[in-house]
Amino acid sequence: MSALDTAARRSPLTRAQLAARVAADIDPGSYVNLGIGLPTLVADHLATASGIMLHTENGMLGMGPSPEPGAVDPDLVNAGKAPVTELPGASYFHQADSFAMMRGGHIDVCVLGAFQVSVSGDLANWSTGAPDAVPAVGGAMDLATGARRTVVMMSLLTKDGAPKLVERCTLPLTGVGCVSRVYTDLAVFDVGPDGAHVVETFGTTHRELEALLDLTLGPAPGRTR
Amino acid sequence: MSALDTAARRSPLTRAQLAARVAADIDPGSYVNLGIGLPTLVADHLATASGIMLHTENGMLGMGPSPEPGAVDPDLVNAGKAPVTELPGASYFHQADSFAMMRGGHIDVCVLGAFQVSVSGDLANWSTGAPDAVPAVGGAMDLATGARRTVVMMSLLTKDGAPKLVERCTLPLTGVGCVSRVYTDLAVFDVGPDGAHVVETFGTTHRELEALLDLTLGPAPGRTR
Amino acid sequence: MSATVFASSALDALGDVADGATVMIGGFGPAGQPAELVVALLEQGASGLVVVSNNAGNGEDPLARLIQHGRVAKMVCSFPRQVDSWHFDAAYRSGAVELELVPQGSLAERIRAAGAGIGAFFTPTGFGTPLAEGKEHRRIEGVDQVLEYAIHADVALVRADRADGVGNLVYRKTARNFGPIMAAAARRSVAQVRDVVPVGALDPEAVVTPGIYVDAVVELTEVTSTEVTSTAGTSTVGAVAAGTEGLV
Amino acid sequence: MSATVFASSALDALGDVADGATVMIGGFGPAGQPAELVVALLEQGASGLVVVSNNAGNGEDPLARLIQHGRVAKMVCSFPRQVDSWHFDAAYRSGAVELELVPQGSLAERIRAAGAGIGAFFTPTGFGTPLAEGKEHRRIEGVDQVLEYAIHADVALVRADRADGVGNLVYRKTARNFGPIMAAAARRSVAQVRDVVPVGALDPEAVVTPGIYVDAVVELTEVTSTEVTSTAGTSTVGAVAAGTEGLV
Numbered sequence: 001m002s003a004l005d006t007a008a009r010r011s012p013l014t015r016a017q018l019a020a021r022v023a024a025d026i027d028p029g030s031y032v033n034l035g036i037g038l039p040t041l042v043a044d045h046l047a048t049a050s051g052i053m054l055h056t057e058n059g060m061l062g063m064g065p066s067p068e069p070g071a072v073d074p075d076l077v078n079a080g081k082a083p084v085t086e087l088p089g090a091s092y093f094h095q096a097d098s099f100a101m102m103r104g105g106h107i108d109v110c111v112l113g114a115f116q117v118s119v120s121g122d123l124a125n126w127s128t129g130a131p132d133a134v135p136a137v138g139g140a141m142d143l144a145t146g147a148r149r150t151v152v153m154m155s156l157l158t159k160d161g162a163p164k165l166v167e168r169c170t171l172p173l174t175g176v177g178c179v180s181r182v183y184t185d186l187a188v189f190d191v192g193p194d195g196a197h198v199v200e201t202f203g204t205t206h207r208e209l210e211a212l213l214d215l216t217l218g219p220a221p222g223r224t225r
Numbered sequence: 001m002s003a004l005d006t007a008a009r010r011s012p013l014t015r016a017q018l019a020a021r022v023a024a025d026i027d028p029g030s031y032v033n034l035g036i037g038l039p040t041l042v043a044d045h046l047a048t049a050s051g052i053m054l055h056t057e058n059g060m061l062g063m064g065p066s067p068e069p070g071a072v073d074p075d076l077v078n079a080g081k082a083p084v085t086e087l088p089g090a091s092y093f094h095q096a097d098s099f100a101m102m103r104g105g106h107i108d109v110c111v112l113g114a115f116q117v118s119v120s121g122d123l124a125n126w127s128t129g130a131p132d133a134v135p136a137v138g139g140a141m142d143l144a145t146g147a148r149r150t151v152v153m154m155s156l157l158t159k160d161g162a163p164k165l166v167e168r169c170t171l172p173l174t175g176v177g178c179v180s181r182v183y184t185d186l187a188v189f190d191v192g193p194d195g196a197h198v199v200e201t202f203g204t205t206h207r208e209l210e211a212l213l214d215l216t217l218g219p220a221p222g223r224t225r
Numbered sequence: 001m002s003a004t005v006f007a008s009s010a011l012d013a014l015g016d017v018a019d020g021a022t023v024m025i026g027g028f029g030p031a032g033q034p035a036e037l038v039v040a041l042l043e044q045g046a047s048g049l050v051v052v053s054n055n056a057g058n059g060e061d062p063l064a065r066l067i068q069h070g071r072v073a074k075m076v077c078s079f080p081r082q083v084d085s086w087h088f089d090a091a092y093r094s095g096a097v098e099l100e101l102v103p104q105g106s107l108a109e110r111i112r113a114a115g116a117g118i119g120a121f122f123t124p125t126g127f128g129t130p131l132a133e134g135k136e137h138r139r140i141e142g143v144d145q146v147l148e149y150a151i152h153a154d155v156a157l158v159r160a161d162r163a164d165g166v167g168n169l170v171y172r173k174t175a176r177n178f179g180p181i182m183a184a185a186a187r188r189s190v191a192q193v194r195d196v197v198p199v200g201a202l203d204p205e206a207v208v209t210p211g212i213y214v215d216a217v218v219e220l221t222e223v224t225s226t227e228v229t230s231t232a233g234t235s236t237v238g239a240v241a242a243g244t245e246g247l248v
Numbered sequence: 001m002s003a004t005v006f007a008s009s010a011l012d013a014l015g016d017v018a019d020g021a022t023v024m025i026g027g028f029g030p031a032g033q034p035a036e037l038v039v040a041l042l043e044q045g046a047s048g049l050v051v052v053s054n055n056a057g058n059g060e061d062p063l064a065r066l067i068q069h070g071r072v073a074k075m076v077c078s079f080p081r082q083v084d085s086w087h088f089d090a091a092y093r094s095g096a097v098e099l100e101l102v103p104q105g106s107l108a109e110r111i112r113a114a115g116a117g118i119g120a121f122f123t124p125t126g127f128g129t130p131l132a133e134g135k136e137h138r139r140i141e142g143v144d145q146v147l148e149y150a151i152h153a154d155v156a157l158v159r160a161d162r163a164d165g166v167g168n169l170v171y172r173k174t175a176r177n178f179g180p181i182m183a184a185a186a187r188r189s190v191a192q193v194r195d196v197v198p199v200g201a202l203d204p205e206a207v208v209t210p211g212i213y214v215d216a217v218v219e220l221t222e223v224t225s226t227e228v229t230s231t232a233g234t235s236t237v238g239a240v241a242a243g244t245e246g247l248v
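Chains as they are written, first to last, in UniProt numbering: chain P, 1 to 225; chain G, 1 to 225; chain L, 1 to 248; chain W, 1 to 248.
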């Protein structure tokens, strides 16, 4: 939050601002998994002195940024199969150990993209439900349910303007009740058994969000509406 | 078998002869676990050029013999907690991996001691059934059921002269139908779904064994009685 | 398993693979894929294969060609759809290949279970999703969990970095991925390595796959591997990437 | 878990342990036993503990004294009976300590399951024996298997050889035993090590316990450990040894 100037709060966040907002909530020393796609941008906003260690589910802790051109190692890739680097203190492990690390609740924070998130924290991010699509899931389900805290980072609306924070997901689920916070360009929400609560807005209001999403949204903890 | 002279066949085997008899059946290049107690003697009869690798379930492959006095390493012990050594080609692993190796059927031969073995291959070797005894099992049950081939090495009779190869075990079981061969001072038996068969005798006869054990014993495969 | 054999060619190392065999193929995309062993499998000729592998081939890599040539009856994998998985896509859409889609962590754990002699296990992953439909489930310590069964294989093909003279293996970086668990899960495991070193040259504390899990090794100094894109992000694939296209 | 803390004493590293806590203690007999951390637990004072450890103390070692002093309500272990386990023997016979006896491989796998987020698993070990009585079982692929549940802990105490500055651990030889799986299975894991080395000094390929599993580390250069008997065989213990006494 401190990384954002107040101007940012008066308009929707850019992708970089959204990544900075997510990063601001991650405690120093945390172990973090960043899902492929948009969440990878969060890495650029983690302070190098923070001691945050990145996990990549294909078998590594201590993942560093993309290599310099010419320094690509085909044996060193991230979950998106893009080349990465190794930071001091890194370790490698096989797939069963890597997913044990996820599933066993050892990762502090997992940041995922989403097609839809429900107000109760259900996540849909692996299938568009298109009947002719080749299905693929990868580590999405393990990531969603395994981390101590799973948060979503997404645009609040689809390209067609449909809400992605919904009463009930209509797309195939990735996990049930697994998401606790949703970071979007227009607002940050807490979701869970008590429904969705607005934590912070960017260039919009609580009332406008309710109209946009056709949802009843609770106030942020400690605030009245 | 080749390690035994013909004289040995005319009298009961000594412990060393019995160990040599067991060792003679172990193929070169095998991975072998020797249970604590009597089976440890088998190690002395494995040819050094055989390429046989010993597994100890506390987390090692490539276990070597006892160290020279003064070369004891408290971090390097066998399943009986006695000091051992490391041979070239050794590897270390944690307990879950070590028992995965056993349970997953990767050990070629496991040689165990026993209180009782039944003609169908049930094994009793962890509890005397004494009501006041502190119970302890260790790796006995995993070893009994995990190896590709589990064989027993024991005296045929207890100190009191009671048979240890029995129709049905009366002591608490370690595993059901897990033993395939029983090496004793008086004879070698195959056991299993078809009952007990005599493979070889030492200073006794098939008929004498049947009388001694009060069992009907089949002939060795390929022989008539 | 008995002592590791050192073969002079990938085809010799591969040995006989029966039609209809279940074959595990290591690798996470190109990283750790035993390309030459899969080429040998192409040459060897077995068909009707059940292939267990995280992905279903990239571009014209050997696994993709195995699918293209109709040799695979079924894929068991977590992420068959990639930007360049056209051979699998075509075979899947035509009905030529069956797909069992498994969440990646459950795939890994099911492979581990086979190697570890565990028949089945309860995992929270996938509960309440289409991938758990029809599967037994129960609540354990307050968490809903799905019963998943071990996946055994007839043959595992893996790529490691080095082997010693008794078949102990070490890997390189994230190319380790599925190698260790697949080597343990198959009745016969074959490893292609960059280098065979003498017995005693690997640190016993750092052996990743003990030789007991390795039946055959072939040294292939010139390991070809599909090029990895050199810019992070361009190879980002799949559902989540697609899902974020609409952002801002 | 968040970043590893480096403590200046075993007691500081141990931190708070509540009465009634479940405490995992590494080691296979003396090898790998975190003796100083158990001494700290003695000093710290928590009672009514459930201790998960392969053995139940040897002679006057710290675990034996913990039992002697009535601090342990229940032991979960595979081999409590040893030639020198007199304190456990007395406590067990007097009814002061409860015992849950678990086959060693099932103990290890149940501990691993806790760390891996697996609720329960089916294993062939113990089927048809008294230790499977009352447990759910079923036949999977022709093999009768028993359902065993994960064992979680509040605190794990382990001994490793070296830690680096982010808490990555490596062990020495067979002292590795239960350390890696216990460190992963507990909410809070504490490691005593012989040496703390700088970040980057451990080979990333050879790290056994990644720092994510380690909450606190204490460097204890003078690790005391119970003497191992120097002649093979004299410390041979337990049922099988007893069972073979009658031979020849």
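Even for Gly, the Cβ is constructed at its ideal location relative to N, Cα and C. Model, not experiment: these values are computed from the prediction.
Beta-carbon proximity list for residue i, same chain, < 6 Å, skipping 5 on both sides
i: residue 210 of chain P; result: 217
i: residue 245 of chain W; result: Note on residue 245 of chain W: pLDDT 27, under 50, position unreliable in the model; the coordinate value appears next. The answer is none, since no qualifying residue turns up.
i: residue 54 of chain G; result: 32 and 63
i: residue 28 of chain P; result: 50 and 51
i: residue 66 of chain P; result: none
i: residue 16 of chain G; result: none
Best match in the options for proximity to residue i [C-alpha to C-alpha]
i: residue 123 of chain W; options: W:41, W:107 and W:23; result: W:107
i: residue 172 of chain P; options: P:183, P:137 and P:187; result: P:137
i: residue 117 of chain W; options: P:118, P:98 and P:112; result: P:98
i: residue 145 of chain G; options: W:24, W:65, W:104 and W:44; result: W:104
i: residue 207 of chain L; options: L:172, L:190 and L:189; result: L:172
i: residue 140 of chain L; options: W:63, W:120 and W:109; result: W:120
i: residue 175 of chain P; options: L:81, L:152, L:205 and L:144; result: L:144
i: residue 200 of chain L; options: G:86, G:78 and G:82; result: G:86
i: residue 128 of chain W; options: G:169, G:183 and G:92; result: G:169
i: residue 11 of chain G; options: G:191, G:185 and G:69; result: G:185
Local Cβ density within 10 Å of residue i, reported as buried at 16 or more and exposed below that
i: residue 60 of chain L; result: exposed
i: residue 161 of chain G; result: exposed
i: residue 225 of chain W; result: Low per-residue confidence applies at residue 225 of chain W: pLDDT is 47, beneath 50, and the placement is therefore not dependable enough to give any value.
i: residue 227 of chain L; result: At residue 227 of chain L, the pLDDT of 41 sits below 50, so the modelled position is not reliable; the number obtained from the coordinates is stated separately. Exposed is the call here.
i: residue 56 of chain L; result: buried
i: residue 239 of chain L; result: Low confidence applies here, because residue 239 of chain L scores a pLDDT of 32, under 50, leaving its location unreliable and the question unanswered by this model.
i: residue 139 of chain P; result: buried
i: residue 109 of chain L; result: buried
i: residue 43 of chain L; result: exposed
i: residue 80 of chain G; result: buried
The alpha helix (DSSP H) enclosing residue i, as first and last residue numbers
i: residue 64 of chain W; result: 62–68
i: residue 107 of chain W; result: 104–116
i: residue 17 of chain P; result: 15–24
8 Å CB neighbourhood of residue i in its chain, flanking five on each side removed
i: residue 10 of chain W; result: 36, 37, 39, 40, 192, 218 and 220
i: residue 187 of chain G; result: 156, 198, 199, 200, 201, 202, 204 and 209
i: residue 154 of chain L; result: 17, 18, 21, 22, 23, 186, 187 and 188
Beta strand (DSSP E) segment containing residue i, residue limits
i: residue 99 of chain G; result: Taken as a continuous stretch (DSSP letters only), residue 99 of chain G belongs to no beta strand (DSSP E), being part of the alpha helix (DSSP H) at 95–103.
Proximity test, residue i beta-carbon vs the ligand ATP heavy atom, cut-off 7 Å
i: residue 59 of chain G; result: With respect to small molecules bound, the structure shown includes none, and the ligand ATP cannot be examined in it.
When you compare the segment 32–44 of chain W with the segment 14–21 of chain W, are there three or more beta-carbon pairs, one atom per stretch, that lie closer than 8 Å? yes
- On the three-pair Cβ rule with 8 Å, is the segment 210–220 of chain W touching the segment 178–193 of chain L? no
query: How about the segment 159–173 of chain W and the segment 88–105 of chain P: do they share at least three Cβ pairs that are nearer than 8 Å?
result: They touch, by the three-pair rule.
Exercise for the section: Spell out a yes or no on whether the segment 34–45 of chain G and the segment 11–21 of chain G are touching, meaning 3 or more CB-CB pairs, one atom from each, closer than 8 Å. Expected result: yes
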